[in-house]
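Enquirer:
There are 2 protein chains.
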Amino acid sequence: MAKARVLLVGCGGIGTVAALNLEAGGLASVSCVLRSSYDIVTAKGFSIESCDHGTLEGWKPTEVLQAVPVANDTNPFDYIICCTKNVPDVPPLLPDIISPAVTPKRTIIVLIQNGLHIERPFLTKFPSNIVLSGVSRADAHETQPGTIQQKQTDVLHIGAFPHSTRSVTDCQTAAGDFVRRYSAGGRTKCTYVADVGLDRWRKLVYNATLNPICTLTGLDTGALQSHEHSMQTLVRPAMKEVILVASAVGYQLPEDVIETTLAGNPIEQRIAPSMLMDLRKGNLIEHENLVGAVVREAEALGIPTPVLTMLYNLCCSVQLRLKIARGL
Amino acid sequence: MAKARVLLVGCGGIGTVAALNLEAGGLASVSCVLRSSYDIVTAKGFSIESCDHGTLEGWKPTEVLQAVPVANDTNPFDYIICCTKNVPDVPPLLPDIISPAVTPKRTIIVLIQNGLHIERPFLTKFPSNIVLSGVSRADAHETQPGTIQQKQTDVLHIGAFPHSTRSVTDCQTAAGDFVRRYSAGGRTKCTYVADVGLDRWRKLVYNATLNPICTLTGLDTGALQSHEHSMQTLVRPAMKEVILVASAVGYQLPEDVIETTLAGNPIEQRIAPSMLMDLRKGNLIEHENLVGAVVREAEALGIPTPVLTMLYNLCCSVQLRLKIARGL
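Protein chains in written order, with numbering that gives the first Met the number 0: chain A, 0 to 327; chain B, 0 to 327.
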């Protein structure tokens, strides 16, 4: 298997861990596009504390770039991995950002991002390119520019989004190849999932509920779970709505999905979901893909989702506040 | 009209302005109970910047106390005015706090506080005492211990809560007397309202809606009103629910109540409602009386209030966070 040429956009916690895994396996050379950390990483490399890779000082991927490069016909990118936050309500949009580096038919786009329908703008803009879904459960964060902390083993689910012109075999092969390259280092749990939709809906049981509730109330998932009133009036009803909508779309989530989702976020770990972390940092929030897309799907199908709809509407107002604070 | 003896509990912005008005009129001598500002006010008096009274340095009421005194049979309190925050979900409860100073039958209790059904625990604990309702629209705040800023003219509505054993005439006379004493200084708009319920429900159109929405989203009322999505999905639906519940209880609010409520909070003034101010200061919030009581009333009458109910449930979770932060 020849080394693949990879462009990685969004070198925060998840993105840097992905670059590290791919380089460690020896089956990919990774060019990372950095913004806020470009100067420090160029000078000193990344400083990484990882449960999978140990402590690394001065680590650098094959190439460090300050902007998305223009694709080179003789040496195109085999993969572009997107690990940025996904905020479709604020331009520039990610498909426009990566566009110069995409070689039609050739480049495989990998979205290691949360939310529903995130593939749609990519499939529209790059109709001949395969798009892969990455659902990550690693707890990795950039604590300051160039400094990465990874506290949970990288568990990554990879599958291919359904494609209107590329064959199922092509798409599955692309996904399988990526899993092989990502797993080659031997330190991660990267697995192929055949049903990307089911995988993403299962994660929405967490993302569409605990993310907005924690963001609106300031509580971490542990405190929330220790409060029976919050669980009965907010968390469980919201999770049940996600399961209902998923079922109407055609995805039967397992009966115990609520309990396994809660068990994955133990009370004593006091996990602050990514949306609450974004709020605390003053970053824009990903409510459109995490909650809005579910609410719009429900509306289209005529399924009432009173709890999710209120969470979404309140998140829209929170986003307004964040935009005002950022002068947008 | 003889000077009345008044005990005032809760000398924040509204409370201090009330004490000042009463002393200025010459028909009351006010004993103020202070906690966090006791030392500084004892030493230097209040520092007040007031649109009604001008700049006052070193102002003191007749008496400054550190705790609620025990009622003196020969010199009882004619009035006890409560201007504290009203947080019934955290003891000690206000009726218990003022209890030592209440002389049965004699002392009139005046609640200058927001929310619904706030009189109930007082009427239960002091069944022979008249309880008056005070609805304040003054924008007065304690910016630091002993320092008061009042930016809007003190507009106070006074009326008597219905009483099971005291005659309507007694109650109305008590309310009228209080209005006379409060207005004697000539600088305030203190008016008698016959229908206390209608008055309080009208204020709930603001209190049960803009207060929790601003608290959950961090937006001020101006930013909220400039955002059509927030207005259409949150503010107006919540206000309509308040009007529906009020109507079912027997209070027909005027048709233009939503518009007059919004007009009272102009976009350019960017007013942060009291509950958001409390959140920012890390104080507990008054969601039980401002939203919870409305939701419980609606439930008892079988009226669906999906927006208010969600706001209330989310506020309960916010209160949990505040309690955790305060070590409660």
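C-beta: ideal position from N, C-alpha, C; glycine also.
So which residues of chain A does residue 286 of chain B contact, with C-beta pairs closer than 8 Å?
Expert: Looking up residue 286 of chain B in the second sequence gives position 287. Result: empty, since nearest Cβ-Cβ is about 12 Å, beyond 8 Å.
Enquirer: Mind checking whether residue 35 of chain B and residue 226 of chain A have CB atoms under 8 Å apart?
Expert: On the second sequence, position 36 is the one that residue 35 of chain B refers to. On the first sequence, position 227 is the one that residue 226 of chain A refers to. Taking 8 Å as the Cβ cut-off, residue 35 of chain B and residue 226 of chain A do not qualify as a contacting pair.
Enquirer: Can you tell me the Cα-Cα spacing of residue 258 of chain B and residue 314 of chain B, whole angstroms?
Expert: Walking along the second sequence from the start, residue 258 of chain B turns up at place 259. Walking along the second sequence from the start, residue 314 of chain B turns up at place 315. In a straight line, the C-alpha of residue 258 of chain B is about 25 Å away from that of residue 314 of chain B.
Enquirer: Between the Cα of residue 220 of chain A and the Cα atoms of A/264, A/186 and A/247, which residue gives the shortest distance?
Expert: As a first step, residue 220 of chain A is located in the first sequence; it is residue number 221 there, counting from the start. Minimum Cα distance to residue 220 of chain A is reached at A/264.
Enquirer: Taking 8 Å as the threshold (C-beta atoms), are residue 318 of chain A and residue 261 of chain A in contact?
Expert: On the first sequence, residue 261 of chain A is found 262 positions in, with the first residue counted as 1. On the first sequence, residue 318 of chain A is found 319 positions in, with the first residue counted as 1. No, the pair does not count as a contact, with Cβ atoms beyond the cut-off.
Enquirer: Which residue spans inside the segment 171-233 of chain A form an unbroken alpha helix (DSSP H) run of at least 4?
Expert: As far as the segment 171-233 of chain A is concerned, its whole alpha helix (DSSP H) runs of at least 4 residues are 195-206, 209-216 and 220-224.
Enquirer: Could you compute how far the alpha carbon of residue 301 of chain B sits from the alpha carbon of residue 295 of chain A?
Expert: As a working mapping, residue 301 of chain B is identified with position 302 in the second sequence. As a working mapping, residue 295 of chain A is identified with position 296 in the first sequence. Using only the alpha carbons, I get a separation of about 29 Å.
Enquirer: Counting only beta-carbon separations shorter than 8 Å, does residue 291 of chain B have a partner in chain A?
Expert: Taking the first residue of the second sequence as position 1, residue 291 of chain B is located at position 292. With 8 Å as the cut-off, residue 291 of chain B does not count as an interface residue toward chain A.
Enquirer: Considering Cα atoms alone, identify which of A/208, A/77, A/82 and A/268 is closest to residue 308 of chain A.
Expert: Within the first sequence, the letter at position 309 stands for residue 308 of chain A. Comparing Cα-Cα distances from residue 308 of chain A to each of A/208, A/77, A/82 and A/268, the minimum goes to A/208.
Enquirer: Could you check which residue in B/0, B/172, B/57 and B/200 has the C-alpha nearest to that of residue 145 of chain B?
Expert: Here residue 145 of chain B is taken as the residue at index 146 of the second sequence, counted from 1. Here the closest residue by C-alpha is B/57.
Enquirer: Show which residues of chain B have a CB atom less than 8 Å away from the CB atom of residue 222 of chain A.
Expert: Mapped onto the first sequence, residue 222 of chain A falls at position 223. Going along chain B in sequence order, the residues near residue 222 of chain A (Cβ under 8 Å) are 319, 320 and 323.
Enquirer: With 16 as the cutoff for other CB atoms within 10 Å, does residue 16 of chain B come out buried or exposed?
Expert: If you number the second sequence from 1, residue 16 of chain B lands on position 17. So residue 16 of chain B ends up on the buried side.
Enquirer: Specify the secondary structure class of residue 139 of chain A as computed by DSSP and reduced to three states.
Expert: What you label residue 139 of chain A is simply residue 140 of the first sequence in a count that begins at 1. DSSP places residue 139 of chain A in strand when its eight states are reduced to three.
Enquirer: Who are the neighbours of residue 252 of chain A on chain B, taking C-beta pairs under 8 Å?
Expert: In the first sequence, the residue the question calls residue 252 of chain A occupies position 253. Within chain B, no residue comes near residue 252 of chain A; the closest Cβ sits about 24 Å away, beyond 8 Å.
Enquirer: Just to confirm the assignment: which complete beta strand (DSSP E) runs, minimum length 3, are found wholly within the segment 103-166 of chain A?
Expert: Qualifying beta strand (DSSP E) stretches, in chain order: 107-111, 130-135, 139-143, 146-149 and 154-159.
Enquirer: Is the separation between the beta-carbon of residue 6 of chain B and that of residue 76 of chain B shorter than 8 Å?
Expert: As a position in the second sequence, residue 6 of chain B is number 7, starting the count at 1. As a position in the second sequence, residue 76 of chain B is number 77, starting the count at 1. Yes; because the gap between Cβ atoms is below 8 Å, this pair is in contact.
Enquirer: Does the segment 233-244 of chain B come close enough to the segment 199-218 of chain B that 3 or more CB-CB pairs lie under 8 Å?
Expert: Segments in contact, yes.
Enquirer: Could you round the C-beta distance between residue 111 of chain B and residue 47 of chain B to whole angstroms and report it? I think they count as a contact, below 8 Å.
Expert: Within the second sequence, residue 111 of chain B is the residue found at index 112, counting from 1. Within the second sequence, residue 47 of chain B is the residue found at index 48, counting from 1. Not really, about 17 Å apart at Cβ, beyond 8 Å.
Enquirer: Should the segment 98-111 of chain B be called in touch with the segment 121-138 of chain B, which here means at least 3 C-beta pairs below 8 Å?
Expert: The answer is yes - the segment 121-138 of chain B touches the segment 98-111 of chain B, with three or more Cβ pairs under 8 Å.
Enquirer: Who are residue 314 of chain B's beta bridge partners in DSSP?
Expert: Here the question's residue 314 of chain B lines up with position 315 in the second sequence. Answer is none; residue 314 of chain B lacks a bridge partner.
Enquirer: Name the residues in the segment 187-219 of chain B whose C-beta lies less than 8 Å from a C-beta of chain A; which are they?
Expert: Correct list: 212, 215, 216, 217 and 218.
Enquirer: In angstroms, rounded to a whole number, what distance separates the CA positions of residue 139 of chain A and residue 232 of chain B?
Expert: In the first sequence, counting from the first residue as 1, residue 139 of chain A sits at position 140. In the second sequence, counting from the first residue as 1, residue 232 of chain B sits at position 233. If I take the Cα positions, the gap works out to 35 Å.
Enquirer: Residues in the same chain with beta-carbon distance under 8 Å from residue 50 of chain B, minus the five sequence neighbours each way, listed in chain order, please.
Expert: Locating residue 50 of chain B in the second sequence gives position 51, where the first residue counts as 1. Here the set comprises 149, 150, 151 and 152.
Enquirer: With a cut-off of 8 Å on the beta carbons, I'd call residue 192 of chain B and residue 158 of chain B a contact; round off their distance for me.
Expert: Translated into the one-based positions of the second sequence, residue 192 of chain B becomes position 193. Translated into the one-based positions of the second sequence, residue 158 of chain B becomes position 159. At roughly 4 Å, the Cβ-Cβ gap stays under 8 Å, so residue 192 of chain B and residue 158 of chain B are in contact.
Enquirer: My parser needs the beta strand (DSSP E) runs of 3 or more residues fully inside the segment 9-81 of chain A; what are they?
Expert: With a minimum length of 3 residues, the continuous beta strand (DSSP E) runs that stay inside the segment 9-81 of chain A are 27-32, 45-49, 53-58, 62-64 and 78-81.
Enquirer: So what does DSSP say about residue 325 of chain B, is it helix, strand or coil?
Expert: The residue labelled residue 325 of chain B in the question sits at position 326 within the second sequence. Residue state, collapsed to three classes: coil.
Enquirer: By how many angstroms is the C-alpha of residue 69 of chain B removed from the C-alpha of residue 33 of chain B?
Expert: Counting from one through the second sequence, the residue named residue 33 of chain B turns up at place 34. Counting from one through the second sequence, the residue named residue 69 of chain B turns up at place 70. Using only the alpha carbons, I get a separation of about 16 Å.
Enquirer: Under DSSP, the alpha helix (DSSP H) around residue 240 of chain A begins and ends at which residues?
Expert: As a working note, residue 240 of chain A is residue 241 in the first sequence. That run of the alpha helix (DSSP H) goes 235-248.
Enquirer: Looking only at DSSP bridge pairs, what is residue 5 of chain A linked to?
Expert: As a working mapping, residue 5 of chain A is identified with position 6 in the first sequence. According to DSSP, residue 5 of chain A bridges with A/29 and A/78.
Enquirer: What in chain B is Cβ-close to residue 309 of chain A, meaning under 7 Å?
Expert: The residue you call residue 309 of chain A lines up with position 310 of the first sequence. Correct list: 306 and 309.
Enquirer: Determine, for residue 327 of chain B, whether the minimum Cβ-Cβ distance to residues of chain A falls below 8 Å.
Expert: Counted from its first residue, the second sequence places residue 327 of chain B at position 328. Closer than 8 Å: no.
Enquirer: By the DSSP assignment, the alpha helix (DSSP H) with residue 96 of chain B in it spans what residues?
Expert: Counted from its first residue, the second sequence places residue 96 of chain B at position 97. Residues 93-97.
Enquirer: What separation, rounded to the nearest whole angstrom, lies between the Cα atoms of residue 254 of chain A and residue 247 of chain A?
Expert: Walking along the first sequence from the start, residue 254 of chain A turns up at place 255. Walking along the first sequence from the start, residue 247 of chain A turns up at place 248. For residue 254 of chain A and residue 247 of chain A, the distance between alpha carbons rounds to 15 Å.
Enquirer: Taking the beta carbon of residue 327 of chain A as the centre, do at least 16 other beta carbons fall within 10 Å, making it buried, or is it exposed?
Expert: Taking the first sequence and counting its residues from 1, one reaches residue 327 of chain A at position 328. With fewer than 16 Cβ atoms within 10 Å of its Cβ, residue 327 of chain A is classed as exposed.
Enquirer: Does residue 274 of chain B come out as helix, strand or coil in the three-state DSSP assignment?
Expert: As a working mapping, residue 274 of chain B is identified with position 275 in the second sequence. Helix at residue 274 of chain B.
Enquirer: Taking 8 Å as the threshold (C-beta atoms), are residue 19 of chain B and residue 3 of chain B in contact?
Expert: Taking the second sequence and counting its residues from 1, one reaches residue 3 of chain B at position 4. Taking the second sequence and counting its residues from 1, one reaches residue 19 of chain B at position 20. No. Outside cutoff.
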